[in-house]
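Student: Got a structure for you, questions after.
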Amino acid sequence: MTPEQRQKQITKTSIIGIIANVVLAVFKITVGTISGSIAIVLDAVNSLTDAVSSVVTIIGVKLASRKPDTNHPFGYGRIEYFSAIIIAGIVLSAGVTSFVESFQKVIHPELPDYTSVTIIVVIAAVLVKIVLGKYVKAQGVKYNSDSLIASGQDASFDAILSASTLLGAVFSLLFNISIDGIIGVVIAGFIIKAGIEMLLEPINSVIGTRPDSAVTIAMKKSIKEVDGVKGAYDLVIHNYGPNAALGSVHVEVDATLTADEIHHLTANIQSKILNEFQVFLTVGIYAVDDTRGENTIISDICMTHEGIIGVHGIHIDDDEKFVSFDIVLDFSVKDKNELVKVLIKEIKEKIFSDFIIQINIDTNYSG
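Numbered per our numbering, the sequence shown finishes at 592, counting up by one with no gaps.
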């Protein structure tokens with residue numbers, strides 16, 4: 226699917242959400258005002274914020290689809306994360322306002338005037354929100370849109386809130402007691418909680434999070450399927466929006482390969498990963514001789530130490546008396562430099578007493 230097609234589908238979904246939420250809000254405000262129910266009025270306000278969220282989604286995806294330029298060579302894809310942050314901010318603001326208004330109703334309760342029409346409107350709102358929430362979230366997952374997923378989650382959550390309002394109405398009709406303010410406070414609390422949760426995900430995306438392990442595992446497996454690749458390591462993915470990513474990887478190859486053979490191998494990797502995962506990779510090379518027994522000894526020494534989760538890229542130069550390799554450390558390792566000193570000492574004592582040993586520390590970026 227092209228970026229233009231994705232933008233069109235996200236916009237279409239958002240417009241459906243706007244129409245549905247505006248219609249719901251009008252009905253709820255009318256019924257809430259007539260009945261004097263703060264819970265229904267707040268529910269209406271929440272529907273309006275959902276409509277505004279859909280507008281933000283449309284603007285965000287439009288801006289994010291702009292082509293790369295001199296100042297932004299990686300494109301504008303990350304704007305979608307900011308639109309999701311704005312949506313979360315709208316939800317949080319609505320939640321805080323709702324809490325203040327509802328708390329005043331708890332202190333000064335008034336018995337709402339619920340009717341059968343009120344009940345019907347609230348039931349209809351619950352059903353519409355359930356359907357709308359599932360639809361919008363499914364479209365968000367399908368088109369990899371954080372904003373749509375957030376809007377869909379919010380709509381589904383609204384169904385629960387509307388159901389709570391319905392409970393308050395039934396309670397009022399049966400027992401002639403107002404719990405409207407209490408339900409409003411509860412609703413506001415859930416809105417605030419949802420807003421915070423919605424805020425965290427796009428913020429994490431902007432900061433930079435570990436990519437999906439299932440994807441990186443599949444990517445490494447695909448790389449190792451390329452003829453001549455002995456291993457794939459140090460995979461790093463840089464995300465520049467929901468559908469824009471660059472990355473790098475190191476591959477182990479036989480030390481006897483020529484430069485021409487390595488060129489063809491790296492080109493095959495880049496083409497394969499771009500077609501399968503839509504990620505352009507820069508490929509680095511480890512030239513290894515896996516017939517040497519010293520490789521196993523080095524790996525065994527390293528893997529006896531807690532915190533080391535991998536060893537690769539072992540290169541031994543007998544003429545220069547030089548050994549280099551990479552270790553992958555867990556984030557729990559506190560003193561990395563001390564660990565490297567210990568490893569060098571143990572390796573020198575075991576096999577390479579007169580060699581220079583260089584150990585490169587890798588971070589487990591992709592799992």
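We put the beta carbon where it would ideally sit given N, CA and C, even for glycine.
Mind the definition here: the segment 407-423 touches the segment 310-326 only if three or more C-beta pairs lie below 8 angstroms; say whether that holds.
Tutor: yes
Student: What are the complete alpha helix (DSSP H) segments, minimum 4 residues, inside the segment 370-438?
Tutor: You should have 371-400 and 405-432.
Student: Give me the residue from I241, S308 and D555 with the minimum Cα distance to L425.
Tutor: S308
Student: Kindly indicate which residue of D542, F556 and V553 has the alpha-carbon position closest to the one of I581.
Tutor: When each option's Cα is compared against that of I581, the closest is D542.
Student: At which residues does the beta strand (DSSP E) containing S473 begin and terminate?
Tutor: A470 to D479
Student: Expressed to the nearest angstrom, what Euclidean distance is found between the alpha-carbon atoms of S327 and A375?
Tutor: 25 angstroms
Student: According to the Cβ coordinates, are S279 and I243 closer than 8 angstroms?
Tutor: yes
Student: Using beta-carbon positions only, say whether L273 and A250 come within less than 8 angstroms of one another.
Tutor: yes
Student: Sort out for me which residues DSSP pairs Q583 with in a bridge.
Tutor: S549
Student: Looking at C-alpha atoms only, which residue of D379, P228, F415 and D275 is the closest neighbour of V247?
Tutor: D275
Student: So S387 packs on A350, CB below 8 angstroms; how close in whole Å?
Tutor: 5 angstroms
Student: Answer with yes or no whether the minimum CB distance from N464 to chain B is below 8 angstroms.
Tutor: Chain labels in this structure do not include chain B; a single protein chain is all it has.
Student: Just the Cα atoms here: how many angstroms apart are N589 and I498?
Tutor: 20 angstroms
Student: What's the call for H333, buried or exposed, on a 16-neighbour Cβ count within 10 Å?
Tutor: exposed
Student: Closer than 6 angstroms by C-beta to Q583: which residues in its own chain qualify, once you throw out the five before and the five after it? Chain order, please.
Tutor: S549
Student: Would you check if there are 3 or more beta carbon pairs closer than 8 angstroms linking the segment 527-541 to the segment 502-519?
Tutor: yes
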